[in-house]
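Here is the structure we will look at, set down as structure tokens.
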Amino acid sequence: MPELPEVEVTRRGLAGRLRGVTVCAVRLGKPLRWPLGIAPQALQGAAVGEPQRRGKYLWLPLAGGAQPQGRGGLLLHLGMSGALAWLEAAPPPGPHDHFDLVTTHGTLRLTDPRRFGAVQWSPAIDAPPAAARLATLGREPFDPALSAATLHAALRGRSSPIKSVLLGGRVVVGAGNIYACEALYAAGIAPRTPAGRLSRQRCARLLAALRSTLARALELGGSTLRDFHDAHGAAGAFQHEAAVYGRAGQPCRRCGTPIRRAMQGQRATYWCPACQR
DNA sequence: AGTTAAACCTGGTTGC
DNA sequence: TGCAACCAGGTTTAAC
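FYI, in the working numbering the residues of the first sequence are 97 to 373.
Structural data, given as structure tokens:
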């Protein structure tokens, strides 16, 4: 679930709450995608910093731990079904609670039924292993340096469908299956169009559509299909506004043509065959 | 190098 | 009702 808007909503919900907070303990549940990479007790006494986001990853800085190797931070990913919660009084962990950062002021808890999520310690965001995770990521969608011209140049020569390229995150990060479908609809571009065949003008439309789609999702607190909740337990509302995602067979909100669904690279793609060319 | 398929997991829904 | 098959927000690895 968690695409850029959901991760950013989570970050904003935590921002300001972690100031002056110190780690008391780390509790681990079932294994997640990656090992933590450090002994949990080494993080005891570390001061928690402000969370940062890169793509769909969160970076939580830690400083001044009881042991010098505690310095660094945690790289977190919510996977498909993860959600982070800030709990001032944490109940005992449930069967899907796989990571607790217990602090002096509350507990940061990762709940993730499918366990595609991850938490990994790294000595710095630009040192391994975090750096390796982030190295292949494309541009941030709201990076002012990302323009229609740079997007057009990055897509040149690529034969993959534009939908797959958006999902890949190596050109521009942030769009997952929901927002890739929605942005392509807003841009009027058929998802199977070879990426390298988009004109510069269509790249401009796509970039604007991606930005407006993600911005609208941020306003609505993201999308909650099932598992996602922000740091304070609130669900998102964007799913009620989706124009194509999950609407196979229903009429296009613009022209009435039934929305189509097809598998593309092992993922379901939704589009309007009349509005998207 | 670029593209595509399969794998990682659990739970909910659908269909026989 | 029971059970098998299929589907789901993402990334990583292996195999063309």
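Glycine included, each C-beta is placed from N, C-alpha and C at the ideal position.
On a predicted model such as this, the values are computed, not experimentally measured, just so you know.
Here Glu102 is buried, its C-beta having at least 16 other C-beta atoms within 10 Å. Taking the Cα positions, Arg363 is about 43 angstroms away from Gly141. Secondary structure note for Val122: it is in no alpha helix (DSSP H), and the uninterrupted beta strand (DSSP E) holding it is Val119 to Leu124. DSSP, reduced to helix, strand and coil, places Ala358 within a strand of the structure shown.
Here the alpha carbons of Val268 and Ala241 stand approximately 12 angstroms from one another. Taking all protein chains in view, the Cβ of Arg350 is surrounded by fewer than 16 other Cβ atoms within 10 Å, so the residue is classified as exposed.
Under the three-state reduction of DSSP output, Arg307 falls in the helix class. Excluding five sequence positions before and after Leu247, the CB atoms of its chain that fall closer than 6 angstroms to its own CB belong to Cys299 and Leu303, given in chain order.
Boundaries cannot be given for Ser319, as no alpha helix (DSSP H) includes it and DSSP labels it neither H nor E.
By the Cβ-count criterion, Thr353 is exposed, with fewer than 16 other Cβ atoms from all chains shown falling within 10 Å of its own Cβ. Under DSSP, Arg301 shares a beta bridge with no residue. By the Cβ criterion, the stretch 147 to 154 is in contact with the stretch 222 to 231, since at least three pairs of Cβ atoms, one from each stretch, lie closer than 8 angstroms.
With fewer than 16 neighbouring CB atoms inside 10 Å of its own CB, Thr232 falls in the exposed class. In this model, Leu230 and Ala220 are separated by some 12 angstroms (Cα to Cα). Residue state for Ala181 is assigned as strand, using DSSP reduced to three classes.
Listed in chain order, the non-local C-beta contacts of Arg373 below 7 angstroms within the same chain comprise Gly284 and Ala286, local neighbours out to five positions each way being set aside. The alpha-carbon separation between Ala282 and Gly234 amounts to approximately 22 angstroms. The beta carbon of Glu99 sits closer than 7 angstroms to the beta carbons of Lys152, Gly270, Ala271, Gly272, Ile274 and Tyr275 from its chain, once the five residues preceding and following it are set aside; these are given in chain order. In this model, Gly145 and Pro188 are separated by some 25 angstroms (Cα to Cα).
For His173, the enclosing beta strand (DSSP E) begins and ends at Gly168 to His173.
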